[in-house]
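S.K.: Note that the protein sequences, when read in sequence, are chains A and B.
The first sequence begins at 1 in our numbering and counts up one residue at a time.
The second sequence begins at 1001 in our numbering and counts up one residue at a time.
From the three backbone atoms N, C-alpha and C, an ideal C-beta is built for every residue, glycine too.
Computed from a prediction, not measured in an experiment: that's the story for all the values here.
Structure below; questions to follow.
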Amino acid sequence: MLWLVLCVAGFGLGRLQNVERVENKRSDVVSNTVKSVILPSSHSLGTGMEGTGNFWAGLTQSGRLKEENESLRAQLAQLQLYQLEADQYEAQISQLRSLIELPDLPGKEKIFGQIIDYAPHESRITIAGGRKQGIAPNLPVISAQGLIGRIDVVDETTSQALLITSPRLSIGAKIPRNPPVAGLLRGESPESLVLTVVENIKIEVGDPVLTSGYATLMPPGIKIGEVVEVVDANDYGTRIIKVYPSFRLALNQEVAILR
Amino acid sequence: MRVFLLALGIGLLYWLAAVFDSGAAPRMIIVSGRFEALLALAAGLSIATRPAAGAFWGFLAGVIAGGMSGANMAHYCISYTTACFLASYAARLPLEQKGGIALLELTGTILVAKIIYMFLAAPPNVGSYLASASISAILSSFIGLAVYALARRIFQSKEV
């Protein structure tokens, strides 16, 4: 009998979690309490384990790390010069857009955070950063390799994002051919995304897949992945394009939320 | 006083298991399987206690796992509660609860929980999910064995 009561209670708690997540885009009371008790300690444990691993790696690979560090410093210096020029062009574009009364492009402001938890079965990550830092629902999350996901739930100091590999997420994407091929991309598995298009334009394995920019909050041109297979579904008049995502996930990884 | 200390101790174990699952387990993947300390803890407590208590340990683990993941709390609660409830019943069979039998029971409990969860929240690739669930069950059963040994000493000396 208690088993049945607990299953019903679990069902009720699950409903509450769903309602808060879908309608209010925030965590329910129970999830919030659990996370506030567990996350600080688990994050410290993870950081400690990583630090220990880095210490031993530093001892055994110091020569290679020194070379890599110098090469990265040189690349950073070049990128900073490039960034200066890019910032100037961006300012000019903003000015011109405001002169002809067009709205500003999304994704210009970056809020940095760290991945502090990962739920693989639910395709969700928890990021250190929430309403206090200016994060809002549906903002894109990117890493150095490309698009990771979209903010789903925002609490005061943490937020959760749905990964692009989740079957619950669809994103406008394009393949930059001439003319560009656009469609809706959705997650299929942790290593595969599916893009459905109708245009009969030549697409090759290895073609990059980028965000299309047709959605309000998703800037165009962010790398999502690469084409690995093209399947013609002649019965439906569409083409199914399998895409391998470019992002690589790791705990404590730095990510940026675009606003 | 004893009951209070017991509750505190079990609460601390659940906290440690959740911290381990979130902070350390993702960095300790072995052949696509990972340690599931929360489920192992609930399973270990379940086979040392009555079915009603077993259901409760599973429910608690499900609430914590669902809260941490931010989704599917109902699925976690139902699968963990059911598996731990069944494990408690299975532990009452007339089999001598030695190390090997207990290890099998723990592996079975964890695997059953993950299979029930699979039916409630279908993964994209069932084959690879089952493979990683099996490896996770084997790895986690050793954590569960340590918990069972401790719980047996505490609970079966005074039936709860």
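(1) As a quick exercise: from B:SER1069, B:LEU1111, B:GLY1067, B:HIS1075, pick the residue whose alpha carbon is nearest that of LEU1086 of chain B.
(2) Would you say TYR214 of chain A faces chain B, with C-beta separation under 8 Å as the test?
(3) Among B:ALA1052, B:SER1069, B:PHE1059, which residue has its Cα nearest to the Cα of ARG21 of chain A?
(4) If we require 4 or more residues per run, which alpha helix (DSSP H) segments fall completely within the stretch 1067 to 1102 of chain B?
(5) For VAL1160 of chain B, decide whether its Cβ has a neighbour in chain A, counting only Cβ atoms nearer than 8 Å.
(6) Which residues in chain B have a C-beta closer than 8 Å to the C-beta of PHE319 of chain A? List them in chain order.
(7) If distances are taken between C-alpha atoms only, which option among A:GLU156, A:LYS202, A:PRO140 comes closest to GLU229 of chain A?
(8) Could you check whether GLY225 of chain A and PRO245 of chain A sit closer than 8 Å to each other, using their CB atoms as the reference points?
(9) Between the C-alpha atoms of GLN80 of chain A and VAL181 of chain A, what's the straight-line distance to the nearest angstrom?
(10) Taking ALA233 of chain A as the reference, which of A:GLN253, A:VAL198, A:THR47, A:SER71 has the closest Cα?
(11) For the ligand SAM, is there a heavy atom less than 7 Å away from the beta-carbon of THR1082 of chain B?
(12) Whole angstroms is fine: what's the gap from MET1 of chain A's alpha carbon to GLU254 of chain A's?
(13) Compare the Cα-Cα distances from THR1107 of chain B to each of B:ALA1048, B:ALA1053, B:SER1141 and report the closest residue.
(14) If you draw a straight line from the C-alpha of LYS1098 of chain B to the C-alpha of PHE1056 of chain B, how long is it?
(15) What does DSSP give as the partner residues of VAL8 of chain A in its beta bridges?
(16) Taking C-beta pairs closer than 9 Å, name the residues in chain B that PRO167 of chain A reaches, listed in chain order.
(17) When we look at the beta-carbon of GLN17 of chain A and count the other beta-carbons within 10 Å, is it buried (16 or more) or exposed?
(18) Listed in chain order, which residues of the stretch 1023 to 1056 of chain B have Cβ atoms closer than 7 Å to some Cβ of chain A?
(19) Give the interface partners of ALA1018 of chain B over in chain A, defined as CB-CB distance under 7 Å, in chain order.
(20) Residues in the same chain with beta-carbon distance under 8 Å from LYS110 of chain A, minus the five sequence neighbours each way, listed in chain order, please.
(21) Anything in chain A within Cβ reach of THR1082 of chain B, meaning under 8 Å, just list it in chain order.
(22) Cβ closer than 9 Å: which chain B residues qualify as neighbours of GLY46 of chain A?
(23) Counting only runs of 3+ residues fully inside the stretch 176 to 211 of chain A, write out the beta strand (DSSP E) ranges in chain order.
(24) Considering ALA144 of chain A, what are the terminal residues of the alpha helix (DSSP H) in which it resides?
(25) Starting from THR126 of chain A, follow its DSSP beta bridges and name the residues at the other end.
(26) List, in chain order, every chain B residue whose beta-carbon is nearer than 7 Å to that of ASP87 of chain A.
(27) So which residues of chain A does VAL1186 of chain B contact, with C-beta pairs closer than 9 Å?
(28) Express the C-alpha separation of GLN75 of chain A and GLU68 of chain A in angstroms, rounding to a whole number.
(29) State yes or no: is the beta carbon of PHE1119 of chain B nearer than 8 Å to at least one beta carbon in chain A?
(30) Can you tell me where the beta strand (DSSP E) holding LYS223 of chain A begins and where it ends?
(31) Taking only beta-carbon atoms, is SER1069 of chain B less than 8 Å away from chain A?
(32) At a CB-CB cut-off below 9 Å, which residues of chain B make contact with GLN17 of chain A?
(33) If we count the other Cβ atoms within 10 Å of its Cβ and call it buried at 16 or more, is PHE55 of chain A buried or exposed?
(34) So for PRO140 of chain A, helix, strand or coil by DSSP?
(35) Can you give me the start and stop residues for the beta strand (DSSP E) that GLU254 of chain A sits inside?
(36) Residues in the stretch 53 to 87 of chain A with C-beta within 7 Å of chain B's C-beta atoms, listed in sequence order?
M.R.: Result, derived from the coordinates:
(1) One-based indexing of the second sequence puts residue 1086 of chain B at position 86. Checking every option, the nearest Cα to that of LEU1086 of chain B belongs to B:LEU1111.
(2) Position 214 of the first sequence holds residue 214 of chain A. No - not a single Cβ of chain B is within 8 Å of the one on TYR214 of chain A.
(3) Position 21 of the first sequence, counting from 1, holds the residue named residue 21 of chain A. Of B:ALA1052, B:SER1069, B:PHE1059, the residue nearest in Cα terms is B:SER1069.
(4) 1073 to 1090
(5) Numbered from its first residue, the second sequence carries residue 1160 of chain B at position 160. At VAL1160 of chain B the pLDDT is 45, less than 50, meaning the model places this residue with poor confidence and gives no usable figure here.
(6) There is simply no residue 319 of chain A to check, as chain A begins at 1 and stops at 259 in what is shown.
(7) By one-based count along the first sequence, residue 229 of chain A stands at place 229. Ranking the options by Cα distance to GLU229 of chain A, first place goes to A:LYS202.
(8) Within the first sequence, the letter at position 245 stands for residue 245 of chain A. Within the first sequence, the letter at position 225 stands for residue 225 of chain A. Yes.
(9) The count along the first sequence starts at 1 and reaches residue 80 of chain A at position 80. The count along the first sequence starts at 1 and reaches residue 181 of chain A at position 181. So the alpha carbons of these two residues sit roughly 33 Å apart.
(10) Taking the first sequence and counting its residues from 1, one reaches residue 233 of chain A at position 233. The residue with the shortest Cα to Cα distance from ALA233 of chain A is A:VAL198.
(11) With respect to the ligand SAM, the structure shown offers nothing to examine, as it has no ligands at all.
(12) On the first sequence, position 1 is the one that residue 1 of chain A refers to. On the first sequence, position 254 is the one that residue 254 of chain A refers to. Straight-line Cα distance between these residues: approximately 47 Å.
(13) Start at 1 with the first residue of the second sequence, and residue 1107 of chain B comes out as number 107. Among B:ALA1048, B:ALA1053, B:SER1141, the Cα nearest to that of THR1107 of chain B is on B:SER1141.
(14) Here residue 1098 of chain B is taken as the residue at index 98 of the second sequence, counted from 1. Here residue 1056 of chain B is taken as the residue at index 56 of the second sequence, counted from 1. Spanning the two alpha carbons is a distance of roughly 24 Å.
(15) Taking the first sequence and counting its residues from 1, one reaches residue 8 of chain A at position 8. Paired residues: none, contrary to the question.
(16) Along the first sequence, one-based indexing puts residue 167 of chain A at 167. The contacting residues are PRO1124.
(17) Taking the first residue of the first sequence as 1, we reach residue 17 of chain A at position 17. Its Cβ being crowded by 16 or more others within 10 Å, GLN17 of chain A is buried.
(18) GLY1023, ALA1024, PRO1026, ARG1027, ALA1052, ALA1055, PHE1056
(19) Taking the first residue of the second sequence as 1, we reach residue 1018 of chain B at position 18. Result: ILE38.
(20) Here residue 110 of chain A refers to the residue found at position 110 of the first sequence. Taken in chain order, the residues that qualify are ALA256, ILE257, LEU258, ARG259.
(21) By 1-based counting over the second sequence, the position of residue 1082 of chain B is 82. Within 8 Å Cβ-Cβ: TRP3, CYS7.
(22) Counting from one through the first sequence, the residue named residue 46 of chain A turns up at place 46. The answer, in chain order, is SER1022, GLY1023, ALA1024, PRO1026, ARG1027.
(23) 181 to 189, 192 to 197, 208 to 211
(24) As a first step, residue 144 of chain A is located in the first sequence; it is residue number 144 there, counting from the start. No alpha helix (DSSP H) contains ALA144 of chain A, which DSSP labels as neither H nor E.
(25) Numbered from 1 along the first sequence, position 126 holds the residue referred to as residue 126 of chain A. In DSSP, THR126 of chain A forms a bridge with A:ASP117, A:GLN160.
(26) Reading the first sequence from its first residue, position 87 is the one you call residue 87 of chain A. Simply none; closest approach about 36 Å.
(27) There is no way to answer for residue 1186 of chain B, as the model of chain B reaches only from 1001 to 1160.
(28) Taking the first sequence and counting its residues from 1, one reaches residue 68 of chain A at position 68. Taking the first sequence and counting its residues from 1, one reaches residue 75 of chain A at position 75. Distance between the alpha carbons of GLU68 of chain A and GLN75 of chain A: 11 Å.
(29) Locating residue 1119 of chain B in the second sequence gives position 119, counting from the first residue. No, because no Cβ of chain A sits closer than 8 Å to the Cβ of PHE1119 of chain B.
(30) Against the first sequence, residue 223 of chain A aligns to sequence position 223. From DSSP, the beta strand (DSSP E) with LYS223 of chain A extends over 223 to 233.
(31) Numbered from 1 along the second sequence, position 69 holds the residue referred to as residue 1069 of chain B. With 8 Å as the cut-off, SER1069 of chain B counts as an interface residue toward chain A.
(32) For this step, residue 17 of chain A is matched to residue 17 along the first sequence. Result: GLY1066, GLY1067, GLY1070, ALA1071, ASN1072, MET1073, ALA1074.
(33) Indexing the first sequence from 1 puts residue 55 of chain A at position 55. By the neighbour-count rule (16 or more Cβ atoms within 10 Å), PHE55 of chain A is not buried but exposed.
(34) Position 140 of the first sequence, counting from 1, holds the residue named residue 140 of chain A. Looking at PRO140 of chain A - three-state DSSP - the assignment turns out to be strand.
(35) Here residue 254 of chain A refers to the residue found at position 254 of the first sequence. First-last of the beta strand (DSSP E) with GLU254 of chain A: 254 to 258.
(36) none
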